[in-house]
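Trainee: Input: one structure, supplied below.
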Amino acid sequence: MPLTMPETELRALFARMGEGFFVAEMVRDPGREVLDFRYLEVNPAFEDLTGLRADQVVGRTGRALFPDLPDWLFETYARVAEGGAPARFQIEVPSLGEREYEVRAYPAWDSTGQRFAVLFLDVTERRNTEASLRERKARLRALFEGMFQFTGLLTPDGTLLEANQAALAFGGLTGEETIGLKFWDTGWWVGTPESAARLRAAVAEAAGGAFVRYEVEVRGAERNAVIDFSLRPVRDERGAVVFLVPEGRDITELKRAEAALAEKEGRLRLAVQGARLGVWEFDLPRDCWRLDARALAITGLDLPAETWVPASSPVLHAWFASIHPEDASRRAAAYERVLRQGGETFETEYRIPRPGHAWNWVAQQALVVERDTRTGAPLRLVGVARDVTEERDMQAELERLVVERTRELQEIQSRLAHAERMQALGQLAGGVAHDFNNVLQAVQGAAGLIERRPADPENVRRLARLAGEAAARGSAVTQRLLAFARRGDASARPMDVAALFGGLRDILRHTLGTGVVVRVEAPADLPAALADKAQLETVLVNLATNARDAMPGGGVLTFAAGTDIVERDGSGTAGGRPVPATLLAGCYVRLSVSDTGTGLPLDVLARATEPFFTTKGEGKGTGLGLAMARGFAEQSGGALHIESVPGRGTTVSLWFPCAGQAGASPLENTDDAAVEAVQQRRVLLVDDDPIVREVTSEQLETMGYVVLPAGSGPAALALLDAGTRPDIVISDLFMPGMDGVMLIREAHRRRPELPAILLTGFATNAAEIAVDGALSGSFSMLRKPVTAEQIAERVEALLANATAGDRT
Numbered sequence: 001m002p003l004t005m006p007e008t009e010l011r012a013l014f015a016r017m018g019e020g021f022f023v024a025e026m027v028r029d030p031g032r033e034v035l036d037f038r039y040l041e042v043n044p045a046f047e048d049l050t051g052l053r054a055d056q057v058v059g060r061t062g063r064a065l066f067p068d069l070p071d072w073l074f075e076t077y078a079r080v081a082e083g084g085a086p087a088r089f090q091i092e093v094p095s096l097g098e099r100e101y102e103v104r105a106y107p108a109w110d111s112t113g114q115r116f117a118v119l120f121l122d123v124t125e126r127r128n129t130e131a132s133l134r135e136r137k138a139r140l141r142a143l144f145e146g147m148f149q150f151t152g153l154l155t156p157d158g159t160l161l162e163a164n165q166a167a168l169a170f171g172g173l174t175g176e177e178t179i180g181l182k183f184w185d186t187g188w189w190v191g192t193p194e195s196a197a198r199l200r201a202a203v204a205e206a207a208g209g210a211f212v213r214y215e216v217e218v219r220g221a222e223r224n225a226v227i228d229f230s231l232r233p234v235r236d237e238r239g240a241v242v243f244l245v246p247e248g249r250d251i252t253e254l255k256r257a258e259a260a261l262a263e264k265e266g267r268l269r270l271a272v273q274g275a276r277l278g279v280w281e282f283d284l285p286r287d288c289w290r291l292d293a294r295a296l297a298i299t300g301l302d303l304p305a306e307t308w309v310p311a312s313s314p315v316l317h318a319w320f321a322s323i324h325p326e327d328a329s330r331r332a333a334a335y336e337r338v339l340r341q342g343g344e345t346f347e348t349e350y351r352i353p354r355p356g357h358a359w360n361w362v363a364q365q366a367l368v369v370e371r372d373t374r375t376g377a378p379l380r381l382v383g384v385a386r387d388v389t390e391e392r393d394m395q396a397e398l399e400r401l402v403v404e405r406t407r408e409l410q411e412i413q414s415r416l417a418h419a420e421r422m423q424a425l426g427q428l429a430g431g432v433a434h435d436f437n438n439v440l441q442a443v444q445g446a447a448g449l450i451e452r453r454p455a456d457p458e459n460v461r462r463l464a465r466l467a468g469e470a471a472a473r474g475s476a477v478t479q480r481l482l483a484f485a486r487r488g489d490a491s492a493r494p495m496d497v498a499a500l501f502g503g504l505r506d507i508l509r510h511t512l513g514t515g516v517v518v519r520v521e522a523p524a525d526l527p528a529a530l531a532d533k534a535q536l537e538t539v540l541v542n543l544a545t546n547a548r549d550a551m552p553g554g555g556v557l558t559f560a561a562g563t564d565i566v567e568r569d570g571s572g573t574a575g576g577r578p579v580p581a582t583l584l585a586g587c588y589v590r591l592s593v594s595d596t597g598t599g600l601p602l603d604v605l606a607r608a609t610e611p612f613f614t615t616k617g618e619g620k621g622t623g624l625g626l627a628m629a630r631g632f633a634e635q636s637g638g639a640l641h642i643e644s645v646p647g648r649g650t651t652v653s654l655w656f657p658c659a660g661q662a663g664a665s666p667l668e669n670t671d672d673a674a675v676e677a678v679q680q681r682r683v684l685l686v687d688d689d690p691i692v693r694e695v696t697s698e699q700l701e702t703m704g705y706v707v708l709p710a711g712s713g714p715a716a717l718a719l720l721d722a723g724t725r726p727d728i729v730i731s732d733l734f735m736p737g738m739d740g741v742m743l744i745r746e747a748h749r750r751r752p753e754l755p756a757i758l759l760t761g762f763a764t765n766a767a768e769i770a771v772d773g774a775l776s777g778s779f780s781m782l783r784k785p786v787t788a789e790q791i792a793e794r795v796e797a798l799l800a801n802a803t804a805g806d807r808t
């Protein structure tokens with residue numbers, strides 16, 4: 001490219017340039033690979049910037065002068081020399097003292113295409129300055145973000161430019177949500193229009209150059225806070241306000257402390273206004289006391305009233321030494337809590353000697369009214385003194401009378417309770433003995449006549465009918481006995497669930513403990529449920545007890561009820577919500593018992609309703625509670641379902657038919673095939689009473705069953721171990737050695753699917769049978785006396801359930 005300026009002028013310009021400049025040519029091997037570049041000409045600024053003279057540079061190569069130049073630099077210069085685009089970059093040259101240069105390379109447009117020209121500046125100082133600025137900015141940012149107070153930066157018109165992390169975290173906000181908004185439109189002020197309006201006025205005032213400070217309540221993510229808020233204007237060099245700095249200090253706890261102090265001071269003033277109170281003060285830095293006239297009279301001190309007296313004075317020293325030895329250490333400890341341990345109040349009672357009375361009791365109360373602002377140490381106490389000698393004497397006499405009267409009342413109560421128990425026991429025993437003697441007389445007489453007149457069928461039938469009627473009267477006696485023990489047979493009737501829940505809430509609120517809150521949720525239009533009320537109450541109380549045990553630290557127990565309409569048999573849904581698939585079509589009342597306790601793991605939840613499965617300790621449960629609850633619900637034509645989440649609680653739901661519709665019963669729809677199947681049933685009958693065992697065997701045999709009798713639990717287990725495979729086990733509950741519950745548990749270990757029935761005259765807590773006569777999968781219970789037909793009905797129901805379970 002031809003020059004448009006004389007060469008002499010160009011060279012003068014070349015010499016005067018402040019930027020370093022050099023012209024170079026590429027050095028290549030015969031294969032045209034780039035090896036180096038050679039300096040052809042340099043300007044004086046090159047010498048100044050590198051510290052090398054021109055005669056040391058011209059004619060030499062870059063690698064020879066600067067061995068630490070990177071390879072990419074040579075490739076870059078080669079592309080530029082061959083006519084490529086100019087290049088601009090920064091490079092650090094360690095051999096020149098870690099200097100950094102900004103470089104611009106241009107093609108020289110010579111005929112060889114190997115020459116290029118370079119302009120460069122030393123930017124080391126600029127780099128260092130920029131790094132220093134970045135570091136300073138990082139320190140300022142760390143200081144800004146590390147402040148525990150809320151702070152930020154605003155424009156004079158109130159636009160938020162910055163907010164530190166403490167402010168954002170308190171409000172549950174992010175910079176993206178707040179930066180760029182007007183400060184009063186951010187989340188700290190939303191929902192408080194009065195505070196937002198006051199803020200706008202404060203911003204306008206601060207933008208005018210004034211410092212603004214006031215207390216205000218702001219919104220936070222988890223709580224509101226009262227803050228000591230200020231706006232400080234920041235001016236430029238001309239004095240114009242360019243920024244506003246908002247700051248907030250959370251003084252919520254301080255306000256609470258001030259309110260508490262004001263309340264305590266108010267109580268103190270009321271105490272002073274009361275009769276017979278003396279006022280005293282203690283100045284800790286000076287170690288001086290001041291008492292009013294009443295306080296001096298109460299304490300017996302001979303000092304001038306309303307005058308500061310050093311604690312080291314002989315009068316005070318002697319008075320402190322006269323305090324009763326048993327009280328002196330307690331009084332000193334009360335002072336120690338205030339003086340050394342940060343206590344706010346001082347309260348103590350002590351005895352001092354007074355003429356005419358062995359000891360006078362003095363009560364003292366005080367409040368720390370002044371503390372050192374730097375160390376927090378107490379500086380001044382203000383308190384009252386009161387003579388409580390008469391109160392102490394009266395209290396001692398009252399305590400003596402209470403102890404004496406309590407002992408008398410306990411003795412009277414014990415005698416009355418014993419008399420009532422004996423009377424009730426005598427009445428009960430006499431009535432039961434009389435009734436059973438009548439029953440036994442009739443049965444025994446009829447049996448004797450039948451034995452003597454076997455050839456007279458008509459009389460045998462008549463006498464057998466009389467014996468049966470006598471046995472029915474015996475059953476009625478049993479019912480009265482069970483009523484006395486608050487137990488009875490199932491009788492399903494329409495029931496007001498809301499009223500039932502209300503009654504349970506009143507009972508359980510006191511029996512479950514103060515840590516358990518009992519809630520009831522039942523709609524007003526809830527239909528009546530069809531179930532046995534006594535059994536349902538027992539189930540609900542047991543579920544509530546289980547819930548209480550699952551909430552050792554307390555919690556919420558909720559009884560809830562609702563209505564579910566099942567459209568199709570076994571649909572598993574009611575109005576879109578899931579229900580047990582065993583429910584038939586119809587209307588159901590859903591009762592649920594929910595707790596906020598520990599919940600059940602999946603493996604425990606899967607087995608919760610199995611008979612005999614329990615997670616309680618040895619001797620604390622046999623695992624029949626939930627199993628019998630499920631059986632009661634199913635026998636009532638409903639179902640049971642348990643939902644639980646570990647750590648969140650458990651909900652047990654029960655469904656019962658709505659009153660006014662025919663609920664499905666597991667004992668219904670017995671077809672002819674089932675009756676015929678009786679002929680093949682094998683019953684293992686276990687009872688330690690030989691008479692009962694023989695009569696029951698004959699009853700079952702007359703119904704078509706094959707009976708395998710055993711006189712004890714071990715004998716029954718021996719039959720099972722020998723390979724005997726009965727279809728069902730029928731056992732008495734109370735037997736010596738191994739009772740019926742233990743027998744059935746052992747039988748289930750050998751044959752888990754084996755159905756079982758317990759026969760008993762009374763269901764005790766030992767078996768934890770919460771629901772009388774309820775089916776529960778492969779387990780049920782019947783109360784004696786029981787007819788052969790009742791036993792057969794229950795046997796067929798259990799075996800039908802077992803068959804249905806096999807099909808599923």
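To convert, note that position 674 of the sequence shown is 674 in the numbering used here; the numbers rise steadily by one, no gaps.
Backbone N, C-alpha and C define an ideal beta-carbon position, used for all residues, glycine too.
Using a 10 Å radius around the Cβ and a threshold of 16 neighbouring Cβ atoms, would you call T394 buried or exposed?
Mentor: Along the sequence shown, read from residue 1 onward, the residue named residue 394 stands at position 394. Inspection of the sequence shows that residue 394 is occupied by Met rather than by Thr. So M394 counts as exposed.
Trainee: State buried or exposed for G597, treating a residue as buried only when at least 16 other CB atoms are found within 10 Å of its CB.
Mentor: Residue numbering aside, residue 597 sits at position 597 when the sequence shown is read from its first letter. It is buried - the Cβ of G597 has at least 16 other Cβ atoms within 10 Å.
Trainee: Would the beta-carbon of V795 fall within 8 Å of that of I744?
Mentor: Position 795 of the sequence shown, counting from 1, holds the residue named residue 795. Position 744 of the sequence shown, counting from 1, holds the residue named residue 744. Result no, Cβ atoms of V795 and I744 do not sit closer than 8 Å.
Trainee: Applying the 10 Å Cβ sphere with the 16-neighbour rule, what's the burial state of H317?
Mentor: Here the question's residue 317 lines up with position 317 in the sequence shown. With fewer than 16 Cβ atoms within 10 Å of its Cβ, H317 is classed as exposed.
Trainee: Quick check: the Cα distance between L133 and V123, rounded to an integer number of angstroms?
Mentor: Translated into the one-based positions of the sequence shown, residue 133 becomes position 133. Translated into the one-based positions of the sequence shown, residue 123 becomes position 123. If you take the alpha carbons of L133 and V123, they lie about 15 Å apart.
Trainee: Who pairs with P494 in a beta bridge, going by DSSP?
Mentor: By one-based count along the sequence shown, residue 494 stands at place 494. In the DSSP output, where bridge partners are listed per residue, P494 has L530.
Trainee: What span of residues does the beta strand (DSSP E) with M781 cover, start to end?
Mentor: Here the question's residue 781 lines up with position 781 in the sequence shown. From DSSP, the beta strand (DSSP E) with M781 extends over F779 to R783.
Trainee: Pairing CB atoms from the stretch 70-83 with CB atoms from the stretch 21-30, are three or more of them under 8 Å?
Mentor: These segments touch.
Trainee: Using the Cβ count rule (16 or more neighbours within 10 Å means buried), how would you classify A260?
Mentor: Here residue 260 refers to the residue found at position 260 of the sequence shown. The residue is exposed, with fewer than 16 neighbouring Cβ atoms inside 10 Å.
Trainee: If you follow the beta strand (DSSP E) that E47 is part of, which residue opens it and which one closes it?
Mentor: Start at 1 with the first residue of the sequence shown, and residue 47 comes out as number 47. Per DSSP, E47 belongs to no beta strand (DSSP E); it is in the alpha helix (DSSP H), P44 to T50.
Trainee: Which same chain residues end up closer than 7 Å to E19 when comparing Cβ atoms and leaving out the 5 residues on each side of it in sequence?
Mentor: Taking the first residue of the sequence shown as 1, we reach residue 19 at position 19. Same-chain partners within the cutoff: A45, L119, F120 and L121.
Trainee: Let's test the definition: count the other Cβ atoms within 10 Å of the Cβ of F211 and tell me whether it reaches 16, buried, or not, exposed.
Mentor: By one-based count along the sequence shown, residue 211 stands at place 211. Per the 10 Å Cβ criterion, exposed.
Trainee: In chain order, what residues of the same chain lie with their CB nearer than 7 Å to the CB of N669, ignoring the 5 residues before and after it?
Mentor: As a first step, residue 669 must be located in the sequence shown, where it is residue number 669. At N669, the pLDDT of 38 sits below 50, so the modelled position is not reliable; the number obtained from the coordinates is stated separately. Nothing listed; no residue qualifies.
Trainee: Using the Cα positions of V589 and G554, report the straight-line distance between them to the nearest angstrom.
Mentor: Numbered from its first residue, the sequence shown carries residue 589 at position 589. Numbered from its first residue, the sequence shown carries residue 554 at position 554. In a straight line, the C-alpha of V589 is about 29 Å away from that of G554.
Trainee: Is it true that the CB of D287 sits closer than 8 Å to the CB of P310?
Mentor: Here residue 310 is taken as the residue at index 310 of the sequence shown, counted from 1. Here residue 287 is taken as the residue at index 287 of the sequence shown, counted from 1. Closer than 8 Å, so yes.
Trainee: With the cut-off set at 8 Å, would you say S95 and F66 are in Cβ contact?
Mentor: Within the sequence shown, the letter at position 95 stands for residue 95. Within the sequence shown, the letter at position 66 stands for residue 66. Against a cut-off of 8 Å, the Cβ pair of F66 and S95 comes out as a contact.
Trainee: Which partner residues does N360 have in the DSSP bridge list?
Mentor: Numbered from its first residue, the sequence shown carries residue 360 at position 360. Answer by DSSP bridge pairing, in chain order: I352.
Trainee: With 8 Å as the threshold, decide whether the Cβ of A528 is near any Cβ in chain D.
Mentor: Of the protein chains in the structure, only one exists, and it is not chain D.
Trainee: So, at 6 Å on beta carbons, what are the nonlocal neighbours of A792 in its own chain, with the 5 sequence-adjacent residues on each side left out?
Mentor: The residue you call residue 792 lines up with position 792 of the sequence shown. Same-chain partners within the cutoff: M703.
Trainee: Classify D721 as helix, strand or coil using the three-state DSSP reduction.
Mentor: As a position in the sequence shown, residue 721 is number 721, starting the count at 1. Helix at D721.
Trainee: Using the C-alpha atoms, what's the distance from D721 back to E789?
Mentor: Working through the sequence shown from its first residue, we reach residue 789 at position 789. Working through the sequence shown from its first residue, we reach residue 721 at position 721. Near 30 Å, if we compare the C-alpha coordinates of D721 and E789.
Trainee: By Cβ distance below 8 Å, which residues in the same chain neighbour G426 in space, the five residues on each side in sequence not counted?
Mentor: Locating residue 426 in the sequence shown gives position 426, where the first residue counts as 1. Reliability fails at G426, whose pLDDT of 46 lies under 50, so the model's placement of it is uncertain and no value is given.
Trainee: Q90 bridges to which residues according to DSSP?
Mentor: Counting from 1 along the sequence shown, the entry for residue 90 is found at position 90. In the DSSP output, where bridge partners are listed per residue, Q90 has E102.
Trainee: Skipping 5 residues on each side, what residues in its chain have a beta carbon closer than 6 Å to that of A87?
Mentor: Residue numbering aside, residue 87 sits at position 87 when the sequence shown is read from its first letter. The residues are T76, V80 and A105.
Trainee: Would you list, in sequence order, the uninterrupted beta strand (DSSP E) runs of no fewer than 3 residues that lie entirely inside the stretch 104-177?
Mentor: The stretch 104-177 contains these whole beta strand (DSSP E) runs: 115-122, 150-154 and 160-163.
Trainee: Take the Cβ of I730 as the centre, count every other Cβ of all protein chains shown within 10 Å, and call the residue buried at 16 or more, exposed below.
Mentor: Locating residue 730 in the sequence shown gives position 730, counting from the first residue. Buried: at least 16 other Cβ atoms inside 10 Å.
Trainee: Give me, in chain order, the residues of the same chain whose beta-carbon lies closer than 6 Å to that of W811; leave out the 5 immediate sequence neighbours on both sides.
Mentor: No statement about residue 811 is possible, as the shown extent of the chain runs from 1 to 808 and does not include it.
Trainee: Taking the alpha carbon of C658 as the point to measure from, which residue in V245, D496 and A85 has its own alpha carbon closest?
Mentor: Along the sequence shown, read from residue 1 onward, the residue named residue 658 stands at position 658. Of the listed residues, the one whose Cα sits closest to C658 is D496.
Trainee: Just the Cα atoms here: how many angstroms apart are D283 and R380?
Mentor: For the purposes of this step, residue 283 is taken as the residue at position 283 of the sequence shown. For the purposes of this step, residue 380 is taken as the residue at position 380 of the sequence shown. Their backbone Cα atoms lie some 5 Å apart in a straight line.
Trainee: Going by beta carbon distance, what residues of the same chain come within less than 7 Å of A770, once the five residues before and after it are set aside?
Mentor: Your numbering for residue 770 matches position 770 in the sequence shown. Its pLDDT being 32, under 50, A770 is placed unreliably by the model, and the measurement read from it follows with that caveat. Hits under 7 Å: T538, V539, N542, G625, M628 and A629.
Trainee: Going by DSSP, which residues form a beta bridge with A366?
Mentor: Position 366 of the sequence shown, counting from 1, holds the residue named residue 366. Beta-bridge pairing links A366 to F346 and G383.
Trainee: In this structure, how does DSSP classify D564 when only helix, strand and coil are distinguished?
Mentor: Position 564 of the sequence shown holds residue 564. Note: D564 maps to strand in three-state DSSP.
Trainee: Pop quiz: P736 and D688 are said to be a contact at Cβ under 8 Å. What is the actual Cβ separation, rounded to whole angstroms?
Mentor: As a position in the sequence shown, residue 736 is number 736, starting the count at 1. As a position in the sequence shown, residue 688 is number 688, starting the count at 1. The Cβ separation is near 6 Å, so the contact holds.
Trainee: Could you check where the alpha helix (DSSP H) with A204 kicks off and where it finishes?
Mentor: Start at 1 with the first residue of the sequence shown, and residue 204 comes out as number 204. Where A204 is concerned, the enclosing alpha helix (DSSP H) stretches over P193 to A207.
Trainee: Would you say P527 touches the ligand HEM, meaning its beta carbon is less than 7 Å from a heavy atom?
Mentor: By its list of ligands, the structure shown contains no ligand whatsoever, and the ligand HEM lies outside what it can speak to.
Trainee: Are there 16 or more other CB atoms within 10 angstroms of the CB of D525, so buried, or fewer, so exposed?
Mentor: Indexing the sequence shown from 1 puts residue 525 at position 525. With fewer than 16 Cβ atoms within 10 Å of its Cβ, D525 is classed as exposed.
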